[in-house]
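Worksheet for the structure shown next.
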Amino acid sequence: MVSKIFTGDMPELMEKILNYLNSEIYSGINSLFSCTLVNRYWCKMSIPILWQRPFTTYETPTFISAYFSSLDDNEKLILKEYGIMTDFSNTLFQYERFLKVLDLSFLNHAVQEWIELQFPKFPNQQEDTTELNCHIINLLFRILIEGGATLSILKLNFYDLHIEIRPEIFYLLGRNKYFLSQLDELSVTAIDDLHIEDAISWLKVLEKSSTKIRNLTISFYYGYKPRLSHAYIRVIKSQEQLRLFHIFGDKDYSTEFFGIISALESQKKSLKEIEIDRCIYSSEFETLKNCENLEEIRILKSKDEKVFKTFNTSCCNTLRLSCYQPIDSNNLIQILEKSGSSLQQLEINSFGQGIYSQSLLLKTLMIFCPNIAYLSFSGIKLDFQFLEFIKRLQKLEFLILDWMIDESEKEMKAYIMDFAKILPSTLQYLGLNNHPSDLHIDILLNHCNAPLKMMFFGIIYKNNNYKNKIKALIEFCIRKMTLEYVDIIDFAIGEATPSFENWNDIRKDLEEYVKVVPYGSLNIDF
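What follows is the structure, encoded as structure tokens:
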């Protein structure tokens, strides 16, 4: 089989291997570059994957020159007038054909860096490169469109963008519909007054050229114009099967949606995921009651719990709710009862503000939602009912907590001891977001029998109890022999925020027993 892979007799398997390498965050690119050196066949298979997302992947923008190898004399003359050397090398591949992912902000940044590389000896020669930057970006768009690129992901992020996409580019996009015809994911964000017309022009083209979008992300801000909202609506209605819709408002929280949410009525059968970020309830949200096939619901950074009650799905397996105020459990009962045994991932985050009617919430979860495998609670109170709830979750694999402290230290220690004892044998990841002074991690570790593979918690390095806590962690590692990774945050005494200054010392204390990973490496998202 190995010889067949080397000679090209198994192209499907080879492609799967290369795509897997491409998915590796840290080593994928280097591994793919190594594959290009194996032989001609491996090079031919690797290059298209390497050039799918160059603007978001490569650290240096030197690759841009490869797109200019086929420029004619007139185009080279224009670049020369800007002071750009045009002795571009001939290439073995037509790289523009391989592009699949394009992010407008990354494109802009890469071009700015590429321009700076053209003037290394005279850094001040091009003090204002806006005009040149605009020309290069429009030139690249023309090369990519005419060169046969077919995008699968397009991110129109207009933040800090000081360029204008010229009318001839939109004309080309209108004529060459292949460039956007296979678009699967579209994101339109950070639109301000300067870019509204550009955004509308893009949406007009997308309405006609892209009907297979499955994931759509849009942002709102206070100055939205009706023409832009209508353009969004037309794009939504033109899709054959929209699967995910994500909308997030501005810092002042959006309250008007100008028919955009109502337009989701046209996608009620296909819509599986919805994410509503920084938005306040509007009557338009009642449309979402008709989206009965929703499987994943995320309502984030809300200031209005009424939106929690606007869903009528019975197949929700993922539910994330976060609110900058105490969460009233009465607003969650309907969706939890409807979701029932389908619910596998649940996050409720009150940002430390607490949860009203916690007893009702836990009772509902125990009766209707026995299959939760991922659970994240912020603002929960440790009590006997909560411990009983955790004990019943026989499929729980990931648990993240930030509990409220309203008991005496003696009572909290007792609760934490009991909590450690009842953690289910299925649990693999435990993340504790409480401040180390409230955590009593040594007590938890000394009484925990769950075969944890990963942990996240804080510790105070310069504290008399530090050695006891590290000793408890080491003994847990020796006793269970399952813990592989820990993410430990170092706090200074009396400080509420991490310091990180003693991270290397903590790592050395534990290096014989468990791998200490950098902060955030074990973040579990869903």
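In my numbering, the protein residues as written are 1 to 526. No residue lacks a Cβ here, since even glycine has one placed at the ideal position from N, Cα and C. Remember, it's a predicted structure, so these values are computed and weren't measured experimentally.
With residue i as the anchor, note down where its beta strand (DSSP E) starts and where it stops.
| i | result |
| --- | --- |
| Gly431 | 429 to 432 |
| Asp103 | 101 to 103 |
| Met481 | Per DSSP, Met481 belongs to no beta strand (DSSP E) and is neither H nor E. |
| Ile218 | 215 to 219 |
| Phe248 | 244 to 248 |
Within a Cβ cutoff of 8 Å, which residues of the same chain sit near residue i, ignoring the five residues on either side of it in sequence?
| i | result |
| --- | --- |
| Ser314 | Glu292, Lys338, Ser339, Gly340, Ser342 |
| Leu151 | Leu99, Lys100, Val101, Leu102, Phe179, Leu180, Gln182, Leu183 |
| Gln112 | Thr129, Asn133 |
| Asn468 | Asp442 |
| Lys121 | The predicted position of Lys121 is uncertain, since its pLDDT is 49 and thus under 50; a value taken from the coordinates is nonetheless stated next. Excluding residues within five positions, none has a Cβ falling inside 8 Å. |
| Ile200 | Arg227, Leu228, Ala231 |
| Ile524 | Tyr374, Phe398, Ile400, Tyr429, Gly431 |
| Ser521 | Tyr485, Asp487 |
| Pro451 | Ser425, Leu427, Gln428, Lys480, Thr482 |
Ends of the alpha helix (DSSP H) at residue i?
| i | result |
| --- | --- |
| His230 | 226 to 237 |
| Tyr485 | Here Tyr485 belongs to no alpha helix (DSSP H); instead the beta strand (DSSP E) covers 485 to 491. |
| Asp509 | 503 to 510 |
| Asn443 | Reading off the sequence shown, one finds Ile at residue 443, where the question assumed Asn. Ile443 -> alpha helix (DSSP H) spans 441 to 446. |
| Phe55 | 54 to 57 |
| His162 | Careful: His162 lies outside any alpha helix (DSSP H) and carries neither H nor E. |
| Leu79 | 73 to 81 |
| His135 | 130 to 146 |
| Arg392 | 384 to 392 |
| Met417 | 409 to 422 |
| Ser181 | 178 to 181 |
| Leu203 | 196 to 209 |
| Lys289 | Premise fails: Lys289 is in no alpha helix (DSSP H) and is neither H nor E. |
| Tyr67 | 64 to 67 |
| Lys268 | It is not in any alpha helix (DSSP H) - Lys268 carries neither H nor E in the DSSP assignment. |
| Ile333 | 333 to 339 |
Starting from residue i, follow its DSSP beta bridges and name the residues at the other end.
| i | result |
| --- | --- |
| Phe377 | Ile348, Leu401 |
| Gly156 | Reading off the sequence, residue 156 comes out as Leu, not Gly. According to DSSP, which records beta bridges pairwise, Leu156 is partnered with Val188. |
| Cys279 | Ser254 |
| Tyr356 | Asp328 |
| Arg298 | Glu275, Arg320 |
| Phe546 | Only positions 1 to 526 of the chain appear in this structure, which leaves residue 546 out of reach. |
| Ile47 | For Ile47, which the question treats as bridged, DSSP gives no partner whatsoever. |
| Val516 | Val486 |
| Pro498 | Phe491 |
So, are the CB atoms of residue i and residue j less than 8 Å apart?
| i | j | result |
| --- | --- | --- |
| Ile489 | Tyr519 | yes |
| Lys306 | Tyr324 | no |
| Lys541 | Ile443 | Look at the range of the chain in this structure, 1 to 526, and you will see that residue 541 is not part of it. |
| Ser69 | Phe88 | yes |
| Gln334 | Ile372 | no |
| Thr86 | Leu92 | no |
| Ile297 | Leu319 | yes |
| Phe308 | Leu321 | yes |
| Thr310 | Glu273 | no |
| Cys369 | Leu332 | no |
| Leu360 | Phe389 | no |
| Ile380 | Tyr356 | no |
| Ser270 | Arg243 | yes |
| Gly147 | Arg97 | yes |
Counting only the same chain and skipping the five closest in sequence on each side, list residues whose C-beta sits under 7 Å from that of residue i.
| i | result |
| --- | --- |
| Tyr232 | Leu203, Ile218, Ile260 |
| Ala496 | His435 |
| Thr255 | Ile280, Ser282 |
| Thr211 | Ser238, Gln239, Glu240 |
| Ser105 | Asn157, Tyr159, Leu161 |
| Lys508 | none |
Please list, in chain order, all residues of the same chain as residue i whose beta carbon is under 6 Å from its beta carbon, the five residues on each side excluded.
| i | result |
| --- | --- |
| Gly458 | Pro436, Ile489, Phe491 |
| Cys477 | Leu483, Tyr513, Val514 |
| Ile64 | Trp114 |
| Arg40 | none |
| His246 | Thr217, Glu275 |
| Ile400 | Ser376, Gly431 |
| His109 | none |
| Ile25 | Caution applies to Ile25, whose pLDDT of 45 falls short of 50 and renders its modelled position unreliable; the value that the coordinates give is listed next. Cβ neighbours of Ile25 beyond the five flanking positions: none. |
| Gly8 | Annotation note: pLDDT 49 at Gly8 (below 50); position unreliable, no value reported. |
| Leu510 | Val516 |
Kindly give me the distance between the Cβ atoms of residue i and residue j, rounded to whole angstroms, as I take these residues to be in contact under 8 Å.
| i | j | result |
| --- | --- | --- |
| Glu207 | Ser187 | Rounded, the Cβ-Cβ distance is 16 Å, inconsistent with contact. |
| Ile506 | Val514 | Ile506 to Val514, Cβ: 11 Å. No contact. |
| Thr426 | Lys391 | At roughly 12 Å, the Cβ-Cβ gap does not stay under 8 Å, so Thr426 and Lys391 are not in contact. |
| Gly428 | Phe398 | Note that residue 428 is Gln in the sequence shown here, rather than Gly. That pair is a contact at about 7 Å. |
| Ile460 | His440 | Not really, about 12 Å apart at Cβ, beyond 8 Å. |
| Thr62 | Leu117 | 7 Å |
| Phe351 | Leu387 | At roughly 23 Å, the Cβ-Cβ gap does not stay under 8 Å, so Phe351 and Leu387 are not in contact. |
| Glu141 | Ile165 | A small correction: the amino acid at residue 141 is Phe; Glu does not occupy that position in the sequence shown. With 8 Å as the limit, Phe141 and Ile165 qualify as a contact, their Cβ atoms being about 7 Å apart. |
| Arg214 | Glu168 | That belief does not hold up - the Cβ atoms of Arg214 and Glu168 are roughly 30 Å apart, past 8 Å. |
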